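S.K.: Numbering of the sequence shown is given in the working numbering, commencing with residue 11 and proceeding in unit increments.
Here a beta-carbon is modelled for each residue, glycine too, at the ideal position from N, C-alpha and C.
Predicted model, so just to flag it, every value in this text is computed and none were measured.
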Amino acid sequence: MAARQKKLIALAALLCLSFASHASAQVARRVVSLVPNVTEILFAVGAGAQVVGISSYDDFPPETKSLPRVGALLDPDTERIFSLRPDLVIVYGSQGELESQFTRTGIRVYPYRHGGIDDVLQAIRDVARLTGHTADGDRVVRGMQKQFAAIRQRVGGRPRPKTMVVIGRDAGELRGVYASGGVGFLHEVLEIAGGDDVFADQKREAVQPSNETMIVRAPQVIIEVHAGDPPASQVLEKERAAWNQLASVPAVRNNRVHLLYGGYLLAAGPRLGQAADTLARVLHPEAFK
């Protein structure tokens, strides 16, 4: 009986060791990311040291500057990626063929898809779990949720201006305008910041409104968001002046056209709380005095 009990204990110990070894093997140690905002997530959850390759467009955090570049959405360098011996590759959900290429060789793939804030929070949890930083991922998520709650509380009860968030247009002209639509993280950030999206009824992430449509929608505030650094003051004034041809629009008439610059404004990642805070200060400056 004693001998049998010892065998059972030994077997249980072996099973525990096997499970622990399997769990450890599942943690990604060498990660390649083709998605800049997920690269940012990796560093935010403490997995920066596990990143061995990034996209051509990554520029945050500063630690990414020294990492190998492996192409991007339209031109991934698969040979370079394979040479880095990754055990996890992060791609866009639209890169199905690339995903299959890696999975056929036994490399795990995380297909990232754009969505709303809840999707961003889930991506943070997923990436943290895959890299062995679950607790850090939960911490980042809780921190963002607290930021959002604090902003909602600060602007709550105040009039919500009709707002258009512009995410692109031709330089120096009012052509090729793209604005945030009624779904997606930018739309949700605007709502947290205390603005009513003039395109809330358009159930897609981006719309391309004509000048006539913008006149009819009559935004009270126009916020342009740009990923780069702010240009020289004379260029900035020229860009702002492009809106003067829509003089009947309340935002233009009342000098409430704002051009904002910074990668965090368009990155669906850990800095969305900062983006919401920036928009809230533009929409409700009196709430922050």
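Measure the CB-CB distance between L52 and L83 and report whether it falls below 9 Å.
M.R.: Reading the sequence shown from its first residue, position 42 is the one you call residue 52. Reading the sequence shown from its first residue, position 73 is the one you call residue 83. No, these two residues do not count as a Cβ contact at 9 Å.
S.K.: Over the uninterrupted alpha helix (DSSP H) stretch that includes G106, give me the two end residues.
M.R.: To locate residue 106, count along the sequence shown from 1; it is residue 96. For G106, the enclosing alpha helix (DSSP H) stretches over residues G106 to T113.
S.K.: Which residues in the same chain as D68 place their Cβ atom closer than 7 Å to its Cβ, once the five residues preceding and following it in sequence are excluded?
M.R.: In the sequence shown, residue 68 corresponds to position 58, counting from 1. Closer than 7 Å at the Cβ level, and outside the excluded window around D68, lie P46, T49 and T74.
S.K.: DSSP has V231 in a bridge; who is on the other side?
M.R.: For the purposes of this step, residue 231 is identified with residue 221 of the sequence shown, where counting begins at 1. When beta bridges are read from the DSSP output, V231 appears opposite T173.
S.K.: Compute the Euclidean distance between the alpha carbons of G204 and V61, then round it to the nearest angstrom.
M.R.: Indexing the sequence shown from 1 puts residue 204 at position 194. Indexing the sequence shown from 1 puts residue 61 at position 51. Approximately 37 Å between the Cα atoms of the pair.
S.K.: For P295, count the other beta carbons within 10 Å of its own beta carbon; 16 or more makes it buried, fewer makes it exposed. Which is it?
M.R.: Position 285 of the sequence shown holds residue 295. P295 is exposed by the Cβ-count criterion.
S.K.: Per DSSP, what are the beta-bridge partners of L98 in this structure?
M.R.: Here residue 98 refers to the residue found at position 88 when the sequence shown is read from its first residue. Looking at the DSSP assignment, L98 forms a beta bridge with V41 and R118.
S.K.: Consult DSSP for A189 and reduce its assignment to one of helix, strand or coil.
M.R.: Your numbering for residue 189 matches position 179 in the sequence shown. A189: strand per DSSP, three-state reduction.
S.K.: Nearest to T288 by alpha carbon, out of G142, A54, Q157 and R250?
M.R.: If you number the sequence shown from 1, residue 288 lands on position 278. It is Q157.
S.K.: Is it a yes or a no for the stretch 233-245 touching the stretch 169-187, going by three-plus beta-carbon pairs under 8 Å?
M.R.: yes
S.K.: By Cβ distance below 6 Å, which residues in the same chain neighbour P71 in space, the five residues on each side in sequence not counted?
M.R.: Position 61 of the sequence shown, counted from the start, is the residue given in the question as residue 71. These residues qualify, in order along the chain: F53.
S.K.: Can you grab the Cα-Cα spacing for the pair A210 / D87, in whole Å?
M.R.: Reading the sequence shown from its first residue, position 200 is the one you call residue 210. Reading the sequence shown from its first residue, position 77 is the one you call residue 87. Distance between the alpha carbons of A210 and D87 is about 38 Å.
S.K.: Using 10 angstroms around the beta-carbon of S220, count the other beta-carbons present and answer buried if the total reaches 16, otherwise exposed.
M.R.: Indexing the sequence shown from 1 puts residue 220 at position 210. For S220, the number of other beta carbons within 10 angstroms of its own is below 16, and it is reported as exposed.
S.K.: Comparing alpha-carbon positions, which option in G58, E89, F92 and D85 lies nearest L77?
M.R.: Counting from 1 along the sequence shown, the entry for residue 77 is found at position 67. Cα-wise, what sits closest to L77 is G58.
S.K.: Based on DSSP bridge pairs, tell me the residues matched to G63.
M.R.: Within the sequence shown, the letter at position 53 stands for residue 63. Paired residue(s): V42.
S.K.: With DSSP as the reference, label V80 as helix, strand or coil.
M.R.: Residue numbering aside, residue 80 sits at position 70 when the sequence shown is read from its first letter. Correct three-state label for V80: coil.
S.K.: With distances taken between CB atoms, is the gap from A138 to D146 smaller than 9 Å?
M.R.: Your numbering for residue 138 matches position 128 in the sequence shown. Your numbering for residue 146 matches position 136 in the sequence shown. In contact: A138 and D146 (Cβ atoms closer than 9 Å).
S.K.: Hey, L256 and I225: beta-carbon distance below 9 Å or not?
M.R.: Residue mapping note: residue 256 aligns to position 246 of the sequence shown, counting from 1. Residue mapping note: residue 225 aligns to position 215 of the sequence shown, counting from 1. Yes, Cβ-Cβ distance for L256 and I225 is below 9 Å.
S.K.: Measuring only the C-alpha atoms, how far is S93 from V80?
M.R.: Stepping through the sequence shown from its first residue, residue 93 is reached at position 83. Stepping through the sequence shown from its first residue, residue 80 is reached at position 70. Their Cα atoms are separated by approximately 10 Å.
S.K.: Per the DSSP calculation, D207 is bridged to which residue(s)?
M.R.: Position 197 of the sequence shown, counting from 1, holds the residue named residue 207. Looking at the DSSP assignment, D207 forms a beta bridge with T173.
S.K.: Any heavy atom of the ligand PLP inside 8 Å of the beta-carbon of V55?
M.R.: Among the components of this structure there are no ligands whatsoever, and the ligand PLP is therefore not found.
S.K.: Taking the alpha carbon of K172 as the point to measure from, which residue in G192, G153 and I91 has its own alpha carbon closest?
M.R.: As a first step, residue 172 is located in the sequence shown; it is residue number 162 there, counting from the start. Ranking the options by Cα distance to K172, first place goes to G192.
S.K.: Determine, using beta carbons only, whether V99 and V175 come nearer to each other than 9 Å.
M.R.: Along the sequence shown, read from residue 1 onward, the residue named residue 99 stands at position 89. Along the sequence shown, read from residue 1 onward, the residue named residue 175 stands at position 165. Result no, Cβ atoms of V99 and V175 do not sit closer than 9 Å.
S.K.: Run the CB neighbour count on P240, radius 10 Å, all protein chains shown included, and call it buried at 16 or more, exposed below.
M.R.: Within the sequence shown, the letter at position 230 stands for residue 240. By the beta-carbon neighbour count (other beta carbons within 10 angstroms, threshold 16), P240 is exposed.
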